[in-house]
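Asks: Start counting the sequence shown at 162; every next residue gets the next number (the working numbering).
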Amino acid sequence: MKFKLIITAVLAGVAGQCMALSTEGPDKYIFKQEPQQANVAKMIANAIANYHYKKTRIDDSLSNRIYIKYLNKLDKSHVFLQENDIKAFEQYRYQFDDELQSGNLDGVFEIYSTFVNRLNERVAFALNELKKTQSLSTEETFLRSRENEKWFTSEGEADEYWNKRIRYELILSKINEHGDEQKALKIITARYQKLKRNIETFKSENAFESFMNAATESIDPHSNYFSPKNAVGYMAALCKSMDGIGVTIGIENDYPVIKQIVKGGPAANSGQIEVNDRIVAIAQGDEGSFEDVVGWSIEEVVAKTRGVRGSKVRLQMLSSVNSPANQMKEVILIRDKIRLEDQKVKSEINSVHYNNRDYKVGIISIPNFYLDNDAMQKGEKDYASTSNDVKKVLADFKNQGVSGVMIDLRNNGGGSFKEAVELSGLFITSGPIVQVRDANNKVMIQNDPDAQQIYDGPLTILINRNSASASEIFSAAMQDYQRGVLIGEQSFGKGSVQRIYSINELLKQKDADLGLLTFTIAKYYRVNGSSTQLKGVTPDIAFPTTIEIKYGEKTMQNALPFDQIQAVSITSVSNLERILPKLNEHHLKRLHTNIDYKYWLEDQSLITKKEGNKKILLDERSIKSEQEEQEESDFERYIAHRAAMGLAPVAQNEKRPKIETDFIKNEGLTVTADLIEKYKSN
162 MKFKLIITAV LAGVAGQCMA LSTEGPDKYI FKQEPQQANV AKMIANAIAN
212 YHYKKTRIDD SLSNRIYIKY LNKLDKSHVF LQENDIKAFE QYRYQFDDEL
262 QSGNLDGVFE IYSTFVNRLN ERVAFALNEL KKTQSLSTEE TFLRSRENEK
312 WFTSEGEADE YWNKRIRYEL ILSKINEHGD EQKALKIITA RYQKLKRNIE
362 TFKSENAFES FMNAATESID PHSNYFSPKN AVGYMAALCK SMDGIGVTIG
412 IENDYPVIKQ IVKGGPAANS GQIEVNDRIV AIAQGDEGSF EDVVGWSIEE
462 VVAKTRGVRG SKVRLQMLSS VNSPANQMKE VILIRDKIRL EDQKVKSEIN
512 SVHYNNRDYK VGIISIPNFY LDNDAMQKGE KDYASTSNDV KKVLADFKNQ
562 GVSGVMIDLR NNGGGSFKEA VELSGLFITS GPIVQVRDAN NKVMIQNDPD
612 AQQIYDGPLT ILINRNSASA SEIFSAAMQD YQRGVLIGEQ SFGKGSVQRI
662 YSINELLKQK DADLGLLTFT IAKYYRVNGS STQLKGVTPD IAFPTTIEIK
712 YGEKTMQNAL PFDQIQAVSI TSVSNLERIL PKLNEHHLKR LHTNIDYKYW
762 LEDQSLITKK EGNKKILLDE RSIKSEQEEQ EESDFERYIA HRAAMGLAPV
812 AQNEKRPKIE TDFIKNEGLT VTADLIEKYK SN
C-alpha cells in the first residue's frame, strides 16, 4: 500500500479520548461494529506490519499487548470492571491480531459493551447512595488510587469502594462550599446525573477509536488513530486556530485533566496552571455561576473553555493528584486566539555585570520550530520560519554590538525538522547536522544547506526536560561541534519522526470521513551516531539535584529504544571542552549561595512528592485540617521567598502576586558572560 503524505509534523502528544452509542437493550447497552471500520482496521494492521518504523509482526505477542492496553484505556483505575468480566475477556487476549487483520472486531465491541454497562451500573449506584444520609466523620479509610490494585472480586467489593468514593467527593465538595452540605450534595448529584446522560450518547466510534489507539500505541506512543470527530479538533489544535485558553484536555477518572499547555497562551501566561491539574468547575465572566464539569465529555468541557476573544472564563481546579491537601484554586483567564505570532521568535538584549565589567548579551527565545510551508512553496522570499527570523535577530544584535548570544529552548517541544537543520546552519560554516534512518534502515545525512555562518561569537543554549525533538536536534549539533554551551536540564528524549495521513486518501475514498492516522516513520541520530531517543541531550552546565524526576520519553510505554549508528566525520569549530571545567566550577560556586536555587530545589521536591496508594481518612475534620496545614505551609514559604528577594510581605488573605524570577535564565546569562571572558582570553 502506498501512503500519500498529507502533512509532515513532529508530534509531542495526543488529544485525549472522547466518548460519545449504538443500540440500547432493555437492561444494557450493546455496541456493534460499523461497516467502514473493518477496512480501516485492516489498513492500519497492514501499516503496522509494513510501514511503521518498527515493522512489527502481527501475532499473539502483539495481541497480548493490545489486550492489556485496551483494558487500561477503558478502566485504567480498576473501578468499573470486575474479576469475572476479565475472566470472560481472556478468550480475546490472543485473538486481537486475527481481528485486526480480518477487520472483524466482535471481541472489541463485546468488551466495550461490558465496560459501558459496568459504568452505567456504578453511576446508578452512586446516584442511589446520594439519596441516603452519608456519614462524613468516620474512622474508615479510602484508597484514592486503585490503578495498581486487583479487579473487584465481587459486586459487594465494588459497592464498598463506590460508597467510600461518594463520601470522599462529598467531603471535598462540602469543604469547598464552606461547610454547606446541601450544596455539596447538589453538586455531586448533578455530576453523576450528567455522567448518566453522557453514557446515553456513547457510540460505536468510541469503542473503535479506543481499540485502534490500543493497537497503534502498543507499537510506540506517538502512533495514533483519530476518529473523524476527533480529527477535526486535532487539526484545529495543530493549526492553532481556536479562541480558548491554550491547553489540551484529557479525561482521567471522570476529571478533565490538563495534558498540555501551549506556550504563549492564556493558561501559560497566567503561571497558575500546571500539567495534570484537574478542572472541577467552569464559570463565564465575572458573575457567571460555576458549572461542575466532572463526568463531562472532552467536547463539552472544551466548549465551555472556548468563547469570544477577550471574554473571561473562571476555572475551579485541583492540583495534580500528587498534592496531598487537594485544595481548590480559582484561576481567571482571558480567552485569546493562539496565534502564530505568539509562537514566533522573540528577542531582547540584557546588560550583564560580571567581574566588574558589563556585557551585552542577546537572548533569543524560540517557543517552537515553525515554517510557513505554503509561503515557501509559492516562492516568497521573506516567508515566516524560525531560521529566517533568527537570522534577522542576529543581524540586529550585530548592529547593537552584543558580545554573546543565549538561545532559550526551554519548553520547546519541537516542530519543523527542516528548521532545526536550517537554524543549526546559521552557527557553523558547513557540515552534517543530523542523520535520519527510515523504516528500511536507509540512513540519510542532513547537511548545513549553505556555507554561510551568520554568527560566530560566544553562544549558550538553555534546555529543560520539555525541550524535545527539533530542539534536541539543534542542541545536539551545537554540542557535537563544540559550537555552544548547553545549560539546564536533561532534555525530553524524543528521537522519532511522525507523519499524519488522511485515511480517506489511504483507502482512496475521498468522499468518506474516516479520520486520521499519525505514524512513526523514522528515527534521527546525532552526527556522533548516538540517538537522542530516551536519553535526550545532556547539558554541559547542569543544575545539580538529588531528586529524580520521572519525565520524558523514557516514562512512556512502548517507547522506541535508544541505539546508535555509525558516526559521521565533522570538524569541531572550537575547543569548548578545555574551558567547560572552569565554567562549571564558577557556576557551582554561584549556586551555593543562590537563594533562588534553594527554592528551585524545593520546587523539584514538591513535584516528586508522590502519594501513591495513600489511604485517606474519611473524616471531614481531618481532611480540612490537612488542607489548612498545607495552606499555612505554602503561605510561610511564599513569605520567606518574598523576604529573601527583598519584597514586602502580604497578608494571608490578600492576593499573592507571583514572584517574578527566572533564576535559570539569570544564571544562564552569567554563564554566557563568563564564556565571553574565556573567548577574549583565548
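Glycine residues also receive a C-beta, built at the ideal position from the N, C-alpha and C atoms.
Run the CB neighbour count on Thr693, radius 10 Å, all protein chains shown included, and call it buried at 16 or more, exposed below.
Replies: By the 10 Å Cβ count, Thr693 comes out buried.
Asks: Determine the burial state of Pro382: buried for a count of at least 16 other Cβ atoms within 10 Å of its Cβ, exposed for fewer.
Replies: Classification for Pro382: buried.
Asks: From what residue to what residue does the beta strand (DSSP E) around Ile875 run?
Replies: The question about residue 875 has no answer here: the residues shown for the chain are numbered 162 through 843.
Asks: Just verifying my parser: in three-state terms, what is the DSSP assignment at Val269?
Replies: Three-state result, Val269: helix.
Asks: Count the other CB atoms, across all protein chains shown, that sit within 10 Å of the CB of Asn391; report buried if there are 16 or more and exposed otherwise.
Replies: Buried, because 16 or more other Cβ atoms sit within 10 Å of the Cβ of Asn391.
Asks: What is the DSSP secondary structure of Thr681, reduced to helix, strand or coil?
Replies: Here Thr681 sits in strand by DSSP.
Asks: Whole angstroms are fine: how far does the CA of Asn385 sit from the CA of Asn483?
Replies: Its pLDDT being 49, under 50, Asn483 is placed unreliably in this model, and the coordinates cannot settle the point.
Asks: Using only CA atoms, which one of Lys715, Pro722, Thr716 and Ser663 lies nearest to Tyr685?
Replies: Minimum Cα distance to Tyr685 is reached at Pro722.
Asks: Distance, Cα to Cα, Ile510 vs Gln651?
Replies: One C-alpha to the other measures close to 26 Å.
Asks: If we count the other Cβ atoms within 10 Å of its Cβ and call it buried at 16 or more, is Leu587 buried or exposed?
Replies: Leu587 comes out buried.
Asks: Please classify Val436 as buried or exposed, where buried requires at least 16 other C-beta atoms within 10 Å of its C-beta.
Replies: Exposed: under 16 other Cβ atoms inside 10 Å.
Asks: Can you tell me which of the three DSSP states Val513 falls into?
Replies: Three-state DSSP puts Val513 in a strand.
Asks: Would you mind working out which of Ile493, Gln197 and Asp320 sits nearest Lys816, comparing C-alpha positions?
Replies: Nearest option by C-alpha distance: Ile493.
Asks: Around the Cβ of Gly540, are there at least 16 other Cβ atoms within 10 angstroms (buried) or fewer (exposed)?
Replies: Exposed: under 16 other Cβ atoms inside 10 Å.
Asks: Can you tell me the Cβ-Cβ gap for Ile410 and Lys420, rounded? I've got them flagged as a contact below 8 Å.
Replies: Indeed they touch by this definition, with Cβ atoms about 6 Å apart.
Asks: Count the other CB atoms within 10 Å of the CB of Arg226; is the residue buried (16 or more) or exposed (fewer)?
Replies: The residue is buried, with at least 16 neighbouring Cβ atoms inside 10 Å.
Asks: Could I get the ranges of all uninterrupted beta strand (DSSP E) runs contained in the region 529–569, with 3 residues as the minimum, in chain order?
Replies: Listed in chain order, they are 565–569.
Asks: Hey, is Arg283's beta-carbon within less than 9 Å of any beta-carbon in chain D?
Replies: Among the chains in the structure shown there is no chain D, since it carries only a single protein chain.
Asks: Where do the N-terminal and C-terminal ends of the beta strand (DSSP E) with Asp599 fall, by residue?
Replies: Per DSSP, Asp599 belongs to the beta strand (DSSP E) from Pro593 to Asp599.
Asks: Which one of Arg470, Asn337 and Arg751 has the shortest CA to CA distance from Asp453?
Replies: Per the Cα distances, Asn337.
Asks: Quick one, are the C-beta atoms of Asn602 and Asp641 less than 9 Å apart?
Replies: It is not a contact, given that the beta carbons lie outside the stated cut-off.
Asks: Using the beta-carbon count (16 or more within 10 Å), is Glu828 buried or exposed?
Replies: Label assigned to Glu828: buried.
Asks: Would you tell me roughly how many angstroms separate the C-alpha atoms of Ser238 and Phe369, rounded to the nearest one?
Replies: Ser238 and Phe369: Cα-Cα distance of roughly 21 Å.
Asks: Can you tell me where the alpha helix (DSSP H) holding Leu752 begins and where it ends?
Replies: Note, Leu752: alpha helix (DSSP H), Leu737 to Leu752.
Asks: Could you please give the first and the last residue of the uninterrupted alpha helix (DSSP H) stretch that includes Gln262?
Replies: Gln262 -> alpha helix (DSSP H) spans Phe257 to Ser263.
Asks: If we count the other Cβ atoms within 10 Å of its Cβ and call it buried at 16 or more, is Ser218 buried or exposed?
Replies: Inspection of the sequence shows that residue 218 is occupied by Arg rather than by Ser. By the 10 Å Cβ count, Arg218 comes out exposed.
Asks: Count Cβ pairs between the region 574–588 and the region 624–640 that sit closer than 8 Å; are there 3 or more?
Replies: Yes, the region 574–588 is in contact with the region 624–640.
Asks: Just to confirm the assignment: which complete alpha helix (DSSP H) runs, minimum length 4, are found wholly within the region 290–365?
Replies: Counting whole runs of 4 or more residues, the region 290–365 contains the alpha helix (DSSP H) stretches 316–337 and 342–360.
Asks: For Ile131, tell me which candidate among Lys335, Thr362 and Glu361 has the shortest Cα-Cα distance.
Replies: As displayed, the chain neither begins before 162 nor continues past 843, which places residue 131 out of reach and without an answer.
Asks: When you compare each of Glu746, Arg798 and Asn745 to Trp761 by their alpha carbons, which one comes out closest?
Replies: The candidate whose alpha carbon is nearest that of Trp761 is Arg798.
Asks: With a threshold of 16 other CB atoms inside 10 Å of the CB of Ser766, please say whether the residue is buried or exposed.
Replies: Exposed is the call here.
Asks: Need the endpoints of the beta strand (DSSP E) that Asn573 sits in, please.
Replies: Counting along the chain, Asn573 falls outside any beta strand (DSSP E), and DSSP gives it neither H nor E.
Asks: Rounded to whole angstroms, what's the CA-CA distance from Phe824 to Ser630? Just pull it up for me.
Replies: Rounded to whole angstroms, Phe824 to Ser630 spans 25 Å at the Cα level.
Asks: Measuring straight from C-alpha to C-alpha, what distance separates Gln614 and Ala805?
Replies: Rounded to whole angstroms, Gln614 to Ala805 spans 44 Å at the Cα level.
Asks: Can you check DSSP and say which residues form a bridge with Asn608?
Replies: Pro593, per the DSSP bridge assignment.
Asks: Would a C-beta distance cut-off of 9 Å place Ile622 and Gln607 closer than the cut-off?
Replies: No, Cβ-Cβ distance for Ile622 and Gln607 is not below 9 Å.
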